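K.L.:
Going by the numbering used here, the first residue of the sequence shown is number 3, and it counts up by one from there. Virtual Cβ for every residue (Gly too), placed ideally from N, Cα, C. None of these values were measured; they are calculated from a predicted model.
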Amino acid sequence: TADAPVLLAAREVSKSFGSLKAVDRVSLEVRRGEVFGLAGPNGAGKSTLFNLLTGIPIRPDSGEVVFDGREIQNRSPRLIAKAGLKRTFQTEAVFDSLSVMENLRVSSAYGGAGRAVRPDAARCREVLDVVELGGDPERPADGLSLIDRKRLMIACALVSRPSLLLLDEPAAGLDPADQDALIRLLGRIASSGVTMVIIEHVLSVLEALAGRMAVLDSGRIIATGVPAEVLSDPKVVEAYLGP
Ligand code: ADP
Ligand code: MG
C-alpha cells in the first residue's frame with residue numbers, strides 16, 4: 003500500500019473548545035487499502051478528530067480534509083457518508099427496540115442515485131455473514147452480547163459498501179477471547195478491500211492489524227510509523243505513563 007493513492011488526508015486540522023486545543027494542527031494521510039491506527043491517552047483528541055473527519059457533529063476551525071480527491075471539511079455528514087466514508091461511535095449505538103434486521107434496514111444506506119436507499123434483504127444477510135452474526139435476524143437487538151452488538155454496529159456501517167471505515171475503540175470492554183474474534187473480523191473486512199482507521203486503547207489490536215499508526219497527545223500527533231516503532235518511541239511511552 004506504500005504507493006497506493008491517498009484516500010484520506012487531513013491537513014493542519016484544528017479544533018478548540020474555548021481555550022482547549024482539542025485537535026491542534028493534525029495532518030495525516032491514509033492510503034487506499036491501508037489499516038491505519040490511532041492511539042493516545044484519554045482526552046488526547048482522537049474522537050474529536052473522527053468528528054472533524056466526518057462532519058459529526060462539529061467542523062474544524064481551520065485546516066482541510068480531503069477524501070477521495072474531494073475537500074469535505076464543509077460538506078454535510080450525509081454527503082460524506084454517501085461519498086463512502088462511514089464511522090462507528092465509541093458506544094455500541096444500536097437500536098435496542100429494533101430487531102437485528104431492522105437495525106440494518108434503518109442504517110443510512112446510500113445508493114448511486116444520490117438518494118437514501120434502504121438496503122435489500124440480500125445485502126443485509128450478506129453483511130451479517132461478513133461480521134459472523136448468526137442466529138435469528140428478527141430477534142431484538144437488546145438481547146445481544148457485547149461482541150454481537152459490536153458485530154451489528156460494524157454491519158450497519160458496512161451496509162452501504164463504504165470505501166473507508168473509521169472505528170472508534172471497537173475493542174473497548176471485550177475480554178481477550180472476544181478481542182481476538184474482533185481482530186479476525188476486522189482483518190477479514192480489511193482483506194475485502196475496505197480501508198480503515200482504528201482508534202484503539204487495546205494496543206494489541208493495532209499491533210495485529212495496523213500497517214501504520216499515529217499517536218495523539220494533547221491534540222498533537224507525537225509519532226507516526228509502523229506500530230512496533232511507534233509504541234517503543236520514548237515520547238509515546240511518556241505520553242501513556244504521564245508526567
Ligand atoms: P479522546 O477520544 O482522545 O479520549 P476526545 O476527542 O473525546 O478525546 O476529547 C478531547 C478533549 O476535548 C477532551 O478534553 C474533551 O473533554 C474535550 N471535548 C471533546 N468534545 C468536546 C465538546 N463538544 N465540547 C467541549 N469539550 C470537548
Ligand atoms: Mg474517544
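(1) Is it true that the CB of Val37 sits closer than 8 Å to the CB of Ile200?
(2) If you reduce the DSSP assignment to three classes, tell me which class Gly114 lands in.
(3) Around the ligand MG, which residues pass a check of Cβ closer than 7 Å to any of its heavy atoms?
(4) Under 8 Å between the Cβ atoms of Asp26 and Arg151?
(5) Do the segment 129 to 138 and the segment 85 to 100 make contact, defined as three or more Cβ pairs closer than 8 Å?
(6) Please state whether DSSP places Asp170 in a helix, a strand or coil.
(7) Using only CA atoms, which one of Pro43, Leu10, Ser194 lies nearest to Leu233?
(8) Helix, strand or coil for Arg222 per DSSP?
(9) Give me the residue from Glu202, Pro164, Ala6, Arg61 with the minimum Cα distance to Ala24.
(10) Quick one: is the Cβ of Asn44 within less than 7 Å of any heavy atom of the ligand ADP?
(11) Check each candidate in Gly35, Gly45, Arg120 and name the one with the smallest Cα separation from Met198.
(12) Starting from the N-terminal side, write out each stretch of the alpha helix (DSSP H) that is 4 residues or longer and does not extend beyond the segment 45 to 89.
(13) Kindly confirm or deny that the segment 69 to 78 and the segment 118 to 130 touch, where touching means at least three C-beta pairs closer than 8 Å.
(14) On the DSSP bridge assignment, give the partners of Lys17 in chain order.
(15) In the DSSP assignment, the alpha helix (DSSP H) including Val129 goes from what residue to what residue?
(16) Can you tell me whether Ser147 is buried or exposed? The criterion is at least 16 other CB atoms within 10 Å of its CB, across all chains shown.
(17) Taking Gly39 as part of the beta strand (DSSP E), name the residues at either end of that continuous run.
(18) Can you confirm whether the segment 182 to 192 touches the segment 204 to 220 when touching is taken to mean that 3 or more C-beta pairs between the two stretches lie within less than 8 Å?
(19) Can you tell me the Cα-Cα spacing of Gly227 and Val217, whole angstroms?
(20) So who's on the other strand from Glu31, going by DSSP bridges?
(21) Would Lys88 be called buried (16 or more neighbouring beta carbons within 10 Å of its own) or exposed?
(22) Just to confirm, does Phe38 get its C-beta within under 7 Å of one of the non-hydrogen atoms of the ligand FAD?
P.N.:
The relevant details are as follows:
(1) yes
(2) Per-residue confidence for Gly114 stands at a pLDDT of 39, beneath the threshold of 50, marking its modelled position as unreliable; no derived number is given.
(3) Lys48, Ser49, Gln92, Asp170, Glu171, Ile201
(4) no
(5) no
(6) strand
(7) Pro43
(8) strand
(9) Arg61
(10) yes
(11) Gly35
(12) 48 to 56, 79 to 84
(13) no
(14) Val25
(15) 123 to 132
(16) exposed
(17) 37 to 41
(18) yes
(19) 9 Å
(20) Ala11
(21) buried
(22) Ligands displayed in this structure: the ligand ADP and the ligand MG; the ligand FAD is not among them.
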